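Once you know that position 172 of the sequence shown is 264 in the numbering used here, the rest is easy, because the numbers rise by one and skip nothing. All C-beta atoms in this analysis are idealised placements derived from N, C-alpha and C, irrespective of residue type, glycine included. As the structure is a computational prediction, the values presented were derived from the model and not from experiment. A short worksheet on the structure shown next.
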Amino acid sequence: MSIERAFILFVAILFSQISLANGLPLIDIQDLNGRYTHPAGSATASFWKVPDSAPLQNAQFSVFQEQDLFVFEGDAGLYELKGLPDSIVKMNSLNWKGSSFKSEASGLNLGIDSLTGSDESGLLLIKKFNFSCSGSSSRAETRDALFDVCLRNSLLKSALFDIYETDRSNTRTTLENLSMTVKNGKFNLSVRAKFDITANIKANGKIDYLKTNSGAELRIRLDKAKASFLNVTKKVFEAIEKEAAEGVRVERPYIIVELD
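Dropping the structure here:
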């Protein structure tokens, strides 16, 4: 996997986590651990609180997949996990530890201690992933309010993001100490990347959330992406144009992500 594709996947993960809170204003899930091997798995949570239900300790779930989402079913009820990147949904095996998710009127926090996945094309490892945003919003709809808050003040960090592709080239890309901040719509990203060479990557730009006739969209204006002293902005656009996921398109200098 090239550094450009790794950058794309991290952006996809970031915004899929924001969309998790759509319609779920008050959630508190702690110490969620699980294992999935296609077509089924299991999960436990030390604490589980979602809207319109009493809090539950030591919740247990069966996990199975339906098309592009995962379903958690157990003594706390039935819940669907939507919006994950295809690269994770298509994994044959997943194992996650120390996960937590909390959202409320003032923002949200998502943490994953470790996530490992594998399929016929390769391996994926993520460690110490955290995304948080804080603030308040007067927007009436939950998703509108969350994007309003998170695009004003948010932080993403991950200690390790390791991808090993075995299907074609046996290539490995390792991203370390990734940090991405968003302040008043402007984002700055930095990461140490190891692939054919080792380089410090920096990117910046602006993100806007807009309502459309068909729903909503994110317009990500990528101003600059640099690998050490090399400008790779053009390569990022070319990589997305070549391998864009459904609902993602390029209108330079923008990367546009359609939201349901």
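Element boundaries [alpha helix (DSSP H), containing residue i]
| i | result |
| --- | --- |
| Arg-235 | 234 to 242 |
| Arg-180 | Per the sequence shown, the amino acid found at residue 180 is Ile instead of Arg. Counting along the chain, the alpha helix (DSSP H) containing Ile-180 begins and ends at 178 to 181. |
Rounded C-alpha distance that separates residue i from residue j
| i | j | result |
| --- | --- | --- |
| Ala-132 | Gly-126 | 11 Å |
| Val-155 | Ser-320 | 42 Å |
| Leu-200 | Ser-226 | 7 Å |
| Tyr-171 | Val-342 | 33 Å |
| Met-183 | Lys-318 | 30 Å |
| Leu-311 | Lys-294 | Sequence check: residue 311 is Arg here, not Leu. The straight-line gap from Cα to Cα measures roughly 19 Å. |
| Pro-147 | Ser-192 | 15 Å |
| Leu-267 | Leu-322 | 18 Å |
| Asp-240 | Ser-230 | 9 Å |
| Thr-290 | Arg-284 | 7 Å |
| Ser-210 | Trp-188 | 12 Å |
| Ser-198 | Ser-228 | 5 Å |
| Glu-333 | Arg-344 | 10 Å |
Contacting residues, own chain, Cβ-Cβ under 7 Å from residue i (five flanking each side not counted)
| i | result |
| --- | --- |
| Glu-309 | Leu-302, Ile-348, Val-349, Glu-350, Leu-351 |
| Asn-114 | Unreliable positioning characterises Asn-114 in this predicted model, as indicated by a pLDDT of 44, which lies under 50. The coordinate reading is nonetheless provided below. Once the five neighbours on either side are set aside, the close Cβ partners of Asn-114 are Thr-234, Arg-235. |
| Asp-120 | Phe-139, Lys-141, Lys-194 |
| Ala-135 | Leu-124, Asn-125, Gly-126, Phe-153, Val-155, Phe-164 |
| Tyr-256 | Gly-214, Leu-215, Arg-264 |
| Asn-269 | Ala-251, Val-283, Arg-284 |
| Thr-325 | Leu-314, Lys-316, Ala-317 |
Cβ shell of residue i (< 6 Å), same chain only, five flanking positions each side left out
| i | result |
| --- | --- |
| Ala-298 | It should be pointed out that residue 298 corresponds to Lys in this sequence rather than to Ala. Excluding residues within five positions, the ones whose Cβ falls inside 6 Å are Gly-277, Lys-278, Arg-313. |
| Leu-116 | Low per-residue confidence applies at Leu-116: pLDDT is 39, beneath 50, and the placement is therefore not dependable, though the value from the model is reported in the following sentence. Correct list: empty, nothing qualifies. |
| Thr-208 | Asn-187, Leu-217 |
Identity of the residues DSSP links to residue i by a beta bridge
| i | result |
| --- | --- |
| Thr-265 | Ile-255 |
| Gly-214 | Asp-211, Glu-257 |
| Val-283 | Ile-293 |
| Ser-191 | Leu-124 |
| Leu-248 | Phe-223, Met-272 |
| Thr-304 | Gly-307 |
CB-CB length for residue i against residue j, believed under 8 Å
| i | j | result |
| --- | --- | --- |
| Pro-143 | Leu-118 | 6 Å |
| Lys-249 | Ser-271 | 5 Å |
N- and C-terminal bounds of the beta strand (DSSP E) containing residue i
| i | result |
| --- | --- |
| Leu-173 | 169 to 173 |
| Arg-313 | 307 to 319 |
| Gln-149 | 148 to 158 |
| Glu-165 | 161 to 166 |
Contact set for residue i: own chain, Cβ-Cβ below 8 Å, skip 5 residues either direction
| i | result |
| --- | --- |
| Ser-292 | First, the amino acid is wrong: residue 292 is Asn here, not Ser. Around Asn-292: Ser-282, Val-283, Arg-284, Ala-285, Ala-319, Ser-320. |
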